[in-house]
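Below is one structure, written out as structure tokens; the observations come after it.
There are 2 protein chains.
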Amino acid sequence: MKFDHNVEIITIGDELLLGQTIDTNAAFLSRELANAGFRVTRRTTVGDNAENIADAVQDALSCSSVVICTGGLGPTQDDFTKPVVAELFDAPLEVDTRLLDALRERYRLRGIAMPERNICQAEVPRGALVLPNPRGTACGLVLRDADGRICILLPGVPHELRGLALEEVIPFLRRARAGTVGGAIRFRTIRTTGIAESAVAEKIDSILPRIRPLTVAFLPQFAGSDLRITSWGELPEAEVDAALSDAEQQIRSVLQSHIYGTGSDDLAAVIGALLRERGLTITTAESCTGGLIAKRITDHAGSSDYFGTGVVTYANEAKQRLLDVSPQTMAEHGAVSEPTVREMIRGAQRRADAAAAIAVTGIAGPGGGSSDKPVGTVWLAAALHDQVLTRKIVFPGDREEIRERAAQAALALLWKLLKDPVPTQVQVAARIA
Amino acid sequence: MKFDHNVEIITIGDELLLGQTIDTNAAFLSRELANAGFRVTRRTTVGDNAENIADAVQDALSCSSVVICTGGLGPTQDDFTKPVVAELFDAPLEVDTRLLDALRERYRLRGIAMPERNICQAEVPRGALVLPNPRGTACGLVLRDADGRICILLPGVPHELRGLALEEVIPFLRRARAGTVGGAIRFRTIRTTGIAESAVAEKIDSILPRIRPLTVAFLPQFAGSDLRITSWGELPEAEVDAALSDAEQQIRSVLQSHIYGTGSDDLAAVIGALLRERGLTITTAESCTGGLIAKRITDHAGSSDYFGTGVVTYANEAKQRLLDVSPQTMAEHGAVSEPTVREMIRGAQRRADAAAAIAVTGIAGPGGGSSDKPVGTVWLAAALHDQVLTRKIVFPGDREEIRERAAQAALALLWKLLKDPVPTQVQVAARIA
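So the protein lines, in turn, are chains A and B.
The first sequence begins at 1 in our numbering and counts up by one.
The second sequence begins at 1 in our numbering and counts up by one.
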């Protein structure tokens, strides 16, 4: 079989089929393979069952020249992947004494005797390439058959898988591909906020025929949509970049003010970069989002450059004590109201001596709603120096979705203020008030 | 084809194969189906490509009597699922005028004219059952062929999918199954913390042969492992509960002090229940976890009963201002040290007047590590009244994993204190100090 850009992924584990674990490994591998120009054509998930694993691997190898399996490489009683694939490739398992020594050493350093069952972790199918895994006891393995088809086995522990994928698998596949022909899949993603998916679709409808053979896909996100422009390999490699750039420019021309980033840019990181660039700091005052916005800001390494303090003021008493919200304001207007969110953000900004701030107060549910303020009602505020923007949104979804959407919308509000700091009517009104 | 308990799931979308979206729908459906006694035998993910969708659906229907597809039901240019499956089932698409009226009404209520492209949202394959979707514009659809094989189409928007699955699909499948024979899959999960997977495996090794035909699977989690005991349908239905209970008791007898819950119990919810039961409140003081612990506590509805305030003190200045940590302590021992985490937790408890508290300070990386305090070094503290437990852990993994593990380990520390409040040597030492 000719080596091409197509890869299939098989993730293995009853915990996946029972829904106890979300398959983040599949998403990670897919993303990294796509970024490296490979095309994942199908993903399959099967349970810890030797027959099902064998069927899935055989089926995948009949369609694709590269199959990556994750999971089922551990030393416990429900791990079948290695013996099953070894048998499919007619490669008997043999103990690799260097791996065994390294395993024993690993345990010795931790001051533990190696459990005997771990010897199987040093077994390697005859002729397989070993991908060293410094993060765990199960190494990666590459098997290749007479037709050149490749099966790669990786452990399912996320940080081990990620390390092996980036350090070993992608470089290995790039080398294996070197010299082969055919256009690689390439794409760009444009991230928008503050505009509905159907409105995006209408705005770009006339652009679609003009950018063929490139396609555009719509990916609804919390409080925004992503647009992915994809070149599927039809164009000559030399023309792909220009075609993608042209398509991106055409889309930007109609959606400009809603585009906050590209690729996997996170809105909290985009805001962080703007703050760092201007030497500004930010603080957060959260009620219904309960720390989620602070978490999103601090998800990013280096966020200590601009983030020093955040408070979660879930109780009314905390809003008074940490943010100086007046009890009278809350009594008159309620904790979920514009006057309260205004006092929250002002208090947060003043207490933390921060140039920028985000405040949120709302009803995440499932309880606590009323006909006047149903579940999902959230007041958001963003502040930059003396400017304040506030917005009320009633979000759909369950508790988790309401919290995620509220966090994203609050970040979007601050982004708008950072991007376009000229006072608008709303801001002028806010100042007068 | 006889209706059995086996279900296949097909998730559709280029965004999944490109790794831009994590497939939470697949996990949700799998979990709910398993909880209802159905067995998901395989999951497949394909892109927005008519041929690949058709192949996947045909292949799945040749193995299973029920296939559930999610995604590709929208009104945009990359949505193919409905026409493809309609063709497979030889059921032409026809506009359902009642659906169309409801769609127009939906737009009217929002004060928007319905975009013409949305008419396709009212098209239904002839003879298909419509599952109403009050949350969005794409309804669910059930197609059934002459052999009784069922294909269910659901939208990919998570909250729409969840609503349809719980309100329509599971009840429909229960009715379809009623009267059929064969044991359903049933399982119980036991959640542990503070013990390594291999240690769990060794402890329960002798139990495994005694509980056959039940099996036990190991699911490593952040700072702990889950154990899933499964009955795969071999036992008579009347014996399953007793067998699961017996297996659970045997496992509990060897792992007792490490078991914090069952099923999908979240450690933050377990702690919340203990606090509510005793009428206690909790506060958080987070540095490297940046709000994640507060978020986890407030993920749970009703958490305002015991959680009022949390602070994120990322900067040293914030640790002084909000928690009264002395500058001298930080200068002498560093911000990541036992003395600092002790002052953080005491300050948090005093300021919030809370009976319980959690404090965390550490280095989440990728920068900021040293040979003395490498990336991953975290000091955790838990307090209950005048008792304080502290612990230093060097966590493996990347920034995200270190933060997740630190949050879980900090919650585990407080859980230990809540469960076993008798002063241990550590606590006595802490009091003396």
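Idealized CB from N, CA, C, for every residue including glycine.
Asked	Found
Let's test the definition: count the other Cβ atoms within 10 Å of the Cβ of Q249 (chain A) and tell me whether it reaches 16, buried, or not, exposed.	exposed
Would you call the region 206–220 of chain B and the region 69–86 of chain A touching, i.e. three or more CB-CB distances under 8 Å?	yes
Using the beta-carbon of each residue, which ones in chain A are nearer than 7 Å to A294 (chain B)?	G290, G291 and V312
Across the region 296–310 of chain A and the region 285–295 of chain B, are there enough close Cβ pairs to call them in contact, namely three or more that are closer than 8 Å?	yes
Chain A partners of P134 (chain B), CB-CB under 7 Å?	Near P134 (chain B) there are no residues of chain A at all, since even the closest Cβ is about 10 Å away, more than 7 Å.
I need the DSSP call for W232 (chain A), collapsed to helix, strand or coil.	coil
Please name the residue in B:L280, B:L208 and B:A285 whose C-alpha comes closest to that of I251 (chain B).	B:L208
So which residues on chain A does P220 (chain B) lean against when the C-beta distance must stay under 9 Å?	G74, G156 and V157
Given M1 (chain A), which residues of its chain have a CB within under 8 Å of its CB, disregarding the five upstream and five downstream residues?	Only weak support exists for where M1 (chain A) lies, its pLDDT of 45 falling under 50; the coordinates are left without a value.
For D398 (chain A), go through chain B and note every residue whose CB falls closer than 8 Å to its CB, in chain order.	H159 and R162
What are the residues in the region 19–30 of chain A lying within 9 Å of chain B by C-beta distance?	G19, Q20, T21, I22, D23, T24, A26, A27, F28, L29 and S30
Report, in whole angstroms, the separation of the C-beta atoms of K419 (chain A) and L389 (chain A), which I expect to be a contact under 8 Å.	Not confirmed; about 12 Å, so no contact.
Taking the alpha-carbon positions, what's the A331 (chain A) to Y260 (chain A) distance?	38 Å
Please classify L173 (chain B) as buried or exposed, where buried requires at least 16 neighbouring CB atoms within 10 angstroms.	buried
To be precise: take each residue of the region 228–250 of chain A, compare its Cβ to all Cβ atoms of chain B, and keep it if any distance is under 8 Å. Which residues remain?	R228 and T230
Note the first and the last residue of the continuous alpha helix (DSSP H) segment covering T329 (chain B).	P327 to H333
For A56 (chain A), which residues from the same chain have a beta carbon less than 6 Å from its beta carbon, with the 5 sequence-adjacent residues on both sides left out?	I10, T44 and V46
From which residue to which residue does the alpha helix (DSSP H) around Y107 (chain A) run?	T97 to L109
Report yes or no: is there a C-beta of chain B within less than 8 Å of the C-beta of L61 (chain A)?	no
Can a CB atom of chain B be found closer than 8 Å to the CB of A217 (chain A)?	yes
What residues in the region 362–380 of chain B bring their beta carbon closer than 9 Å to a beta carbon of chain A?	A364, G365, P366, G367 and G368
Going by CA-CA distance only, name the one from B:H5, B:L161 and B:T41 that's closest to R177 (chain B).	B:H5
Between T361 (chain B) and S287 (chain B), how many whole angstroms is the CB-CB distance? I'm expecting something under 8 Å.	4 Å
With I170 (chain A) as the anchor, note down where its alpha helix (DSSP H) starts and where it stops.	I170 to R177
Would you list the one or two residues that DSSP bridges to T70 (chain A)?	A:T11 and A:L154
Looking at chain B, which residues of the region 107–136 of chain A have a Cβ within less than 8 Å of any of its Cβ atoms?	P115, R117, N118 and R135
For Q408 (chain B), count neighbouring C-beta atoms within 10 Å of its own C-beta (all shown protein chains included) and say buried if the count is 16 or more, exposed if not.	buried
What does the Cβ neighbour count give for G72 (chain B), buried or exposed, with the cut at 16 atoms within 10 Å?	buried
Using a Cβ-Cβ cut-off of 8 Å, state whether A34 (chain B) counts as contacting chain A.	yes
I'd like to check one pair, Y314 (chain B) with T281 (chain B): are the Cβ atoms closer than 8 Å?	no
Going along the chain, which residues of its own chain have a beta-carbon closer than 8 Å to the beta-carbon of P339 (chain B), five neighbours each way excluded?	T329, E332 and H333
Mind reading off the beta-carbon distance from I358 (chain A) to L414 (chain A)? Whole number of angstroms is fine, and I expect it under 8 Å.	5 Å
Would T340 (chain A) pass as an interface residue toward chain B - the criterion being a Cβ-Cβ separation below 8 Å?	no
Check the Cβ-Cβ distances between L17 (chain A) and every residue of chain B, and say whether any is below 8 Å.	yes
Would you identify the three-state DSSP class for T262 (chain B), choosing helix, strand or coil?	strand
Chain B beta carbons: is any one of them nearer than 8 Å to that of A308 (chain A)?	Looking at the sequence provided, one finds Gly at residue 308 (chain A) rather than Ala. With 8 Å as the cut-off, G308 (chain A) counts as an interface residue toward chain B.
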